[in-house]
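At position 208 of the sequence shown (counting the first as 1) the number is 208 in this note's numbering, and the numbers step up by one without a gap.
Notes follow the structure.
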Amino acid sequence: MATVLHISAAGPVWWEKTAAGWGSASGPGQGPVWVVTDLAEEAFVEINVPRIFGADRVSYIQRQLASKFPETVFRLALAPRVEGGLMARLAPPVQTFTAVEPGERVQAALAKCMAPLAGVWSTSMLLTQLGQHKSMPANLFVVWCQAGSMRILFLRQRLPVLTRLIGTSAVASEQAAEVIRTLRHLENTHVIERNSKRFGALLLGGADGLADALARDRLDVVEPPAQWNPGASRDWHHLLFDLVCKNPPGQLAPVSFRASFLARNLEKLAYLGCAISVALALWFASGSLSASVQAERERVQVQASLDQSTAQLAKIDQSIESFGVPPALVRQALAVDTEEIVQTPDLQSDLLRLSRVIDNIPGARLKALQWQLLDAKDSACVQDTQSGASAAPVVEPAPDAAPAEPPGRKVEMHMTVLLEGHLKPRQLQSQAGTISDQLGQLAGAKLVQDPAKHLHAGDIHTSSTQQHAERDMVWCMTLPASQPAQPPTASEKP
């Protein structure tokens, strides 16, 4: 519910807006108070400002404002009109001041008001807001006719220049005479050129026939926008009161008069900021809270499963003890069965893969094969290392990003392959390299001894008994034994 204090020559009057609209009130309500003045003391002054910038310009304007209106604190420097070149936009050469001087009547009315003061606006500034509407011409007379008085405001290029409050009757000829008198004054003071062009006139109320009387003196009446319709009462006060409650530009009261109102607004902003901060904190915390609840729920489920498994193991141990066998011995037997029997690699599968490799080399035959299962900590091809045979370097696989699993058991394959004796060194090296490449392509294979490496390095020495006979080539490699190979099908058997 908004409350407005209207100060005119007749004295202060309280207005209050309810669901039914604006109506008179006996005093201020619980909220802030907006003050509207309608006095003859309202005035506008236009000065020229030298080309200065920043703090110097602000200080100069404030000094000029105080010197033009020394007898009031209800004064304001309006926003200048921005037009022209760059320098004119940075430092506008013309500045407009407005004030209510003297301000004793406003101060006397405010002294009796204990409610927070939202601000003080003059009727001239509110009419200026109406005259600056985009549908209005740039040069405009705003005429507001009331009972026993009329307010005349002239805007040049949408900035106020002159305001007058005159006592007059409700006769069209007398009202038109005052408007024409204002026009002649502006022509005599060279604010506008004499007989230069026609001007617009916004009539808020007025006697019948006023528009025709003004049209004869170059004043064309413009229609107000439809949303400004005052209703059947034709009281334009209500429109001005609605406008002032929106805190438009042109507020005249100093900060000391509005301290309580500004403090309330800052308090509301602080509460709003705190509410937003709390809401954001709760929103961010909700994710962590839900994750914690989910983790606790999963922990409870895992603990329940663990308790259930422990109970089942206890029942199993009791069942085993009923047969007279210790449970530890049964577990040991199961571990031996899993590690030594179930997970034992399939020799037939390894022989099948080896036969496919040797079958690709013409004339090559397998002379000897040693196949044995090693623990993860055992070294492969130890007999070749002890006998002086040089081992080929083992290519380690690239480390995986996942945690490394404990090393498993492996299979050692030590094989002797016979190659034809009439081969030349380059052919011998080619066939040995082919066998090494195909062995290295087996899944998980690691060559520990590779004779192709020695041939490539130039070690092609053979005994005199092998110059024209078959030559022995010895390979030693390891295969993973973590997963036993499946037996070959009938179509895959050699």
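We put the beta carbon where it would ideally sit given N, CA and C, even for glycine.
Just so it is clear, the structure is predicted and the values come from calculations on it, not from any experiment.
| Query | Result |
| --- | --- |
| Cβ-based neighbour list, Ala172, same chain, cut-off 6 Å, excluding 5 preceding and 5 following | Ala207, Gly209, Leu210 and Ala213 |
| Backbone CA spacing between Leu423 and Ala432 [nearest angstrom] | 11 Å |
| Stretch-stretch touch, CB-based, cutoff 8 Å, three pairs: the segment 57–68 with the segment 2–18 | no |
| Nearest-angstrom Cα separation, counted from Ala328 out to Asp307 | 20 Å |
| Those residues which DSSP pairs with Asp38 across a bridge | Ser8 |
| Coil, strand or helix - Gln372 by DSSP | strand |
| At least 3 beta-carbon pairs within less than 8 Å: the segment 38–46 vs the segment 164–171 | yes |
| Length of the line joining the Cα atoms of Asn188 and Ser67 | 26 Å |
| Own chain, CB closer than 8 Å to Gly21, minus 5 neighbours either side, in chain order | His238 |
| Nearest to Leu447 (by Cα), restricted to the options Gln438, Ser430, Gln429 and Cys476 | Cys476 |
| Beta carbon of Pro254 nearer than 9 Å to that of Val73 | yes |
| Close beta carbons around Val330, own chain, < 6 Å, minus the five adjacent residues each side | Ile320 |
| Pro397 versus Gly444: straight-line alpha-carbon distance, rounded | Per-residue confidence for Pro397 stands at a pLDDT of 47, beneath the threshold of 50, marking its modelled position as unreliable; the derived number appears in the next sentence. Between Pro397 and Gly444, the C-alpha separation is close to 10 Å. |
| Trp144 in three-state terms, based on DSSP | strand |
| Pro70 Cβ short of 8 Å to the ligand NAD heavy atom set | The ligand NAD is absent from the structure shown, which contains no ligands of any kind. |
| Span separating the alpha-carbon of Asn229 from that of Glu101 | 32 Å |
| Contacts around Gly31, its chain only, beta-carbon distance under 8 Å, and the 5 residues preceding and following it disregarded | Met1, Ala2, Thr3, Ala115 and Pro116 |
| Nearest-angstrom Cα separation, counted from Lys246 out to Phe257 | 19 Å |
| First through last residue of the beta strand (DSSP E) which encompasses Ile166 | Leu159 to Gly167 |
| CB contact flag (Arg353, Leu442, <9 Å) | yes |
| Whole alpha helix (DSSP H) elements within the segment 226–287, 4-residue minimum | 237–244 |
| Cβ distance (whole Å) where Met136 is taken to contact Gly200 below 8 Å | 7 Å |
| Spatially closest choice to Leu351 from Met415, Val302 and His454, by CA coordinates | Met415 |
| For Arg218, the three-state DSSP class (helix, strand or coil) | coil |
| Identity of the residue in Ser26, Leu243 and Arg51 nearest Gln129 by Cα | Leu243 |
| Three-state secondary structure assigned by DSSP to Gln441 | coil |
| 9 Å Cβ cutoff met for Leu439 and Val411 | no |
| Test item: CB-CB of Leu240 and Ala99 under 9 Å | no |
| Local conformation of Leu479 per DSSP, three classes | strand |
| Short Cβ contact (9 Å threshold) for Asp450 with Ser430 | no |
| Cut-off 8 Å between Cβ atoms - residues of its own chain near Gln467, not counting five sequence neighbours on either side | Below a pLDDT of 50, predicted positions are generally treated as unreliable, and Gln467, at 47, falls in that range; the measurement from the model is reported next regardless. Gly421. |
| Assigned exposure category for Val278 - 16 Cβ within 10 Å defines buried | exposed |
| Any beta strand (DSSP E) of 3 or more consecutive residues that is wholly inside the segment 61–145 | 75–77, 94–100 and 117–122 |
| Whole-angstrom distance between Ser260 and Ala79, CA atom to CA atom | 26 Å |
| For Gln146 and Asp235, the rounded distance between their alpha carbons | 9 Å |
| Supposed close pair Ala91, Arg51 - CB separation, criterion 8 Å | 5 Å |
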